[in-house]
Amino acid sequence: MKSSSKKPDFDLDYCLNAIKTFATQKDSLVNLFRSGRRKGTKTGVKDIDQTEVNGRTSSLWSWKLGEMNLWTGYNNEGKSQFLIFLCLLKAINEGWKFAFFSPENDPPDEFFDDLIHTITGKTTDKMQKDFNMTEKEYLDAFKLIQDNFFFVYPEDAQGKPDYSIENIEKIFEYLIFEHDVKGLILDPYIKIKHDMNGGEPEHLYASRFMMDRVHFSRKHQISYHLVMHQTTPRRDKDIGGNYPPPNLYNIKGGGTFADSADNVLTIHRPNRISDPVDTLVNFSSDKIKKHKLVGIPGACSIRFDRKKNRYLNSIN
């Protein structure tokens, strides 16, 4: 039933551009049917790429362009380290390029040097007793990934850090167009300069922030990654005084972040308190938006090799 009120004046072009119908999408739908939907691609970690979930073989998560991924876990349990490891595998295996806003990994020389440690599986520190790397090995590793990683560190005219999301994404956009970067990492959220509107509730700001990042990932067809901390719970005496597994709704800032992301991935060292030298790491995909294309939520256990600076594919 039509409204009896007076018909308003419409911006016809604006309205028609915003409305999609079967008719407007026919050509793209037919092309999609013919070519097939593009699935996410492998991580290079066996237990993530192929695992049993409810009797079905699937991945726990995969790299899909145009998606916003949220990584979370407790402080100092390897969120960043694991994500960097996956980026490194993707760069070596498929030539992907990545841009990192990661001020906690500053200075950049240490960030890049750590990547070389992972590639070679040998310490780069001459002060370590097991140091046995040659300069040729170091330079060979350097050449292998020298064009694949970009460290973003915005500064203002006075040379002070300028971490507004607008400035960070200006640089990201340049790297996308000029260097064909496919993966973007914001690590961590708490280091970004946030300009909330006066009186704006945090959950509404979170929704606005995430909506803009999701739009950026869709617009540029890149894989976007945001690293966030968990609120720290009480230790659980029933599990040796360790922390319980991270929860997508215990992200600092609220569950709106998880609600808005395409995928939510957690990293957890279950025995860190009771056994600090234990390197067992639990990876979990707590939320996967597109099961058919990206994976099915689940978990696996992996060990970190401190000497080689690598995660082992499986503990089985």
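The sequence shown begins at 1 in the numbering used here and counts up by one. Positions of the beta carbon are idealized from the N, C-alpha and C atoms, including for glycine.
Exercise for the section: With a threshold of 16 other CB atoms inside 10 Å of the CB of threonine 57, please say whether the residue is buried or exposed. Expected result: Here residue 57 corresponds to residue number 57 of the sequence shown, with the count starting at 1. Burial call: exposed.
Handout entry: For serine 62, the nearest candidate out of Phe209, Ser223, Lys237 and Asn75 (CA to CA)
Key = Counted from its first residue, the sequence shown places residue 62 at position 62. Out of Phe209, Ser223, Lys237 and Asn75, Ser223 has the C-alpha closest to the C-alpha of serine 62.
Practice task
Find the nearest neighbour of methionine 228 within the set Asn17, Tyr14, Leu83 and Phe33, judged by alpha-carbon distance.
Solution key: The count along the sequence shown starts at 1 and reaches residue 228 at position 228. If we check each option's Cα against that of methionine 228, Leu83 comes out closest.
Problem - Where threonine 51 falls: helix, strand or coil (DSSP) - result: Counting from 1 along the sequence shown, the entry for residue 51 is found at position 51. Looking at threonine 51 - three-state DSSP - the assignment turns out to be strand.
Practice task
For the beta strand (DSSP E) holding valine 318, just list the boundary residues, first then last.
Solution key: In the structure displayed, the chain extends from 1 to 316; residue 318 sits before or after that span and is not available.
Practice task
Decide yes or no for the touch test of the stretch 93 to 107 against the stretch 251 to 264: beta carbon pairs closer than 8 Å, at least 3 of them.
Solution key: no
Problem - Three-state secondary structure (DSSP) of proline 161 - result: The residue you call residue 161 lines up with position 161 of the sequence shown. Looking at proline 161 - three-state DSSP - the assignment turns out to be strand.
Handout entry: Inter-residue spacing [alpha-carbon to alpha-carbon] between alanine 91 and isoleucine 171
Key = Stepping through the sequence shown from its first residue, residue 91 is reached at position 91. Stepping through the sequence shown from its first residue, residue 171 is reached at position 171. Taking the straight line joining both Cα atoms gives about 20 Å.
Practice task
State whether the stretch 297 to 316 contacts the stretch 114 to 127, with contact taken as three or more CB pairs (one from each stretch) at a distance under 8 Å.
Solution key: yes
Handout entry: Nearest to glutamine 221 (by Cα), restricted to the options Ser207, Arg234 and Glu173
Key = Reading the sequence shown from its first residue, position 221 is the one you call residue 221. Glutamine 221 has its Cα closest to that of Glu173, out of Ser207, Arg234 and Glu173.
Exercise for the section: Counting only the same chain and skipping the five closest in sequence on each side, list residues whose C-beta sits under 6 Å from that of asparagine 316. Expected result: Here residue 316 refers to the residue found at position 316 when the sequence shown is read from its first residue. In this prediction, asparagine 316 has a pLDDT of 41, which is less than 50 and means its spatial position is unreliable; what the coordinates show is noted afterwards. Result list for asparagine 316: empty, nothing under 6 Å.
Practice task
Would you kindly work out how many angstroms separate the C-alpha atoms of threonine 72 and lysine 191, rounded to a whole number?
Solution key: Taking the sequence shown and counting its residues from 1, the one referred to as residue 72 is at position 72. Taking the sequence shown and counting its residues from 1, the one referred to as residue 191 is at position 191. One C-alpha to the other measures close to 15 Å.
Exercise for the section: Indicate whether alanine 261 and methionine 127 have their beta-carbon atoms separated by less than 8 Å. Expected result: Stepping through the sequence shown from its first residue, residue 261 is reached at position 261. Stepping through the sequence shown from its first residue, residue 127 is reached at position 127. In this structure, methionine 127 does not lie closer than 8 Å to alanine 261 by Cβ.
Exercise for the section: Look at the alpha carbon of proline 103 and the alpha carbon of valine 281, and state the distance between them as a whole number of angstroms. Expected result: Numbered from 1 along the sequence shown, position 103 holds the residue referred to as residue 103. Numbered from 1 along the sequence shown, position 281 holds the residue referred to as residue 281. Rounded to whole angstroms, proline 103 to valine 281 spans 24 Å at the Cα level.
Practice task
Within the same chain, show all residues whose beta-carbon is closer than 8 Å to that of tyrosine 138, passing over the 5 residues directly before and after it, in chain order.
Solution key: In the sequence shown, counting from the first residue as 1, residue 138 sits at position 138. Counting only Cβ-Cβ distances below 8 Å, and skipping sequence neighbours, we find Ile116, Thr120 and Thr124.
Problem - Alpha-carbon to alpha-carbon, proline 276 and alanine 318 - result: Because the chain spans 1 through 316 in this model, residue 318 falls outside it and cannot be assessed.
Problem - Proximity below 8 Å, CB of valine 294 to CB of asparagine 263 - result: Position 294 of the sequence shown, counted from the start, is the residue given in the question as residue 294. Position 263 of the sequence shown, counted from the start, is the residue given in the question as residue 263. Result yes, Cβ atoms of valine 294 and asparagine 263 sit closer than 8 Å.
Handout entry: Beta-carbon gap between leucine 60 and glycine 298 smaller than 8 Å
Key = On the sequence shown, position 60 is the one that residue 60 refers to. On the sequence shown, position 298 is the one that residue 298 refers to. Their beta carbons are under 8 Å apart, which means leucine 60 touches glycine 298 by this criterion.
Practice task
Determine the DSSP secondary structure at methionine 68, reduced to helix, strand or coil.
Solution key: Along the sequence shown, one-based indexing puts residue 68 at 68. Strand at methionine 68.
Problem - Nearest candidate by alpha-carbon position, reference aspartate 195, set Leu184, Phe209, Pro188 and Gly183 - result: For the purposes of this step, residue 195 is identified with residue 195 of the sequence shown, where counting begins at 1. For aspartate 195, the nearest C-alpha among the options comes from Phe209.
Exercise for the section: State the start and end residues of the unbroken beta strand (DSSP E) segment that holds alanine 99. Expected result: Residue mapping note: residue 99 aligns to position 99 of the sequence shown, counting from 1. Segment 98 to 101, the beta strand (DSSP E) holding alanine 99.
Handout entry: Three-state secondary structure (DSSP) of threonine 24
Key = Your numbering for residue 24 matches position 24 in the sequence shown. If DSSP states are grouped into helix, strand and coil, threonine 24 belongs with coil.
Practice task
May I have the straight-line CA-CA distance separating proline 108 from aspartate 187, to the nearest angstrom?
Solution key: As a first step, residue 108 is located in the sequence shown; it is residue number 108 there, counting from the start. As a first step, residue 187 is located in the sequence shown; it is residue number 187 there, counting from the start. The alpha-carbon atoms of proline 108 and aspartate 187 are separated by roughly 14 Å.
Practice task
Identify every residue that forms a DSSP beta bridge with threonine 266.
Solution key: The count along the sequence shown starts at 1 and reaches residue 266 at position 266. Paired residues: Thr72 and Ser284.
Practice task
Tell me where the alpha helix (DSSP H) around valine 152 begins and ends.
Solution key: Against the sequence shown, residue 152 aligns to sequence position 152. It is not in any alpha helix (DSSP H) - valine 152 instead sits in the beta strand (DSSP E) that spans 149 to 152.
Problem - Cβ neighbour criterion (16 or more within 10 Å) applied to leucine 88 - result: Mapped onto the sequence shown, residue 88 falls at position 88. Counting Cβ neighbours within 10 Å, leucine 88 comes out buried, since at least 16 surround it.
Practice task
Could you tell me which uninterrupted alpha helix (DSSP H) segments, each at least 4 residues in length, are contained entirely in the stretch 81 to 129, listed from first to last along the chain?
Solution key: 108 to 120
Exercise for the section: Kindly give me the distance between the Cβ atoms of lysine 226 and leucine 70, rounded to whole angstroms, as I take these residues to be in contact under 8 Å. Expected result: The residue you call residue 226 lines up with position 226 of the sequence shown. The residue you call residue 70 lines up with position 70 of the sequence shown. Checking the displayed sequence, the identity of residue 226 turns out to be leucine instead of lysine. Going by Cβ atoms, the distance from leucine 226 to leucine 70 rounds to 5 Å, so yes, they are a contact pair.
Handout entry: Status (buried if at least 16 other CB within 10 Å, exposed otherwise) for threonine 43
Key = The residue you call residue 43 lines up with position 43 of the sequence shown. Burial call: buried.
Handout entry: Reduced DSSP secondary structure (H/G/I, E/B, other) of serine 5
Key = The sequence position of residue 5 within the sequence shown is 5, counting from 1. The answer is coil: DSSP assigns serine 5 none of H, G, I, E or B.
Exercise for the section: May I ask you to report which of helix, strand or coil DSSP gives lysine 191? Expected result: For this step, residue 191 is matched to residue 191 along the sequence shown. In the structure shown, lysine 191 sits in a helix (DSSP, three-state: H, G or I).
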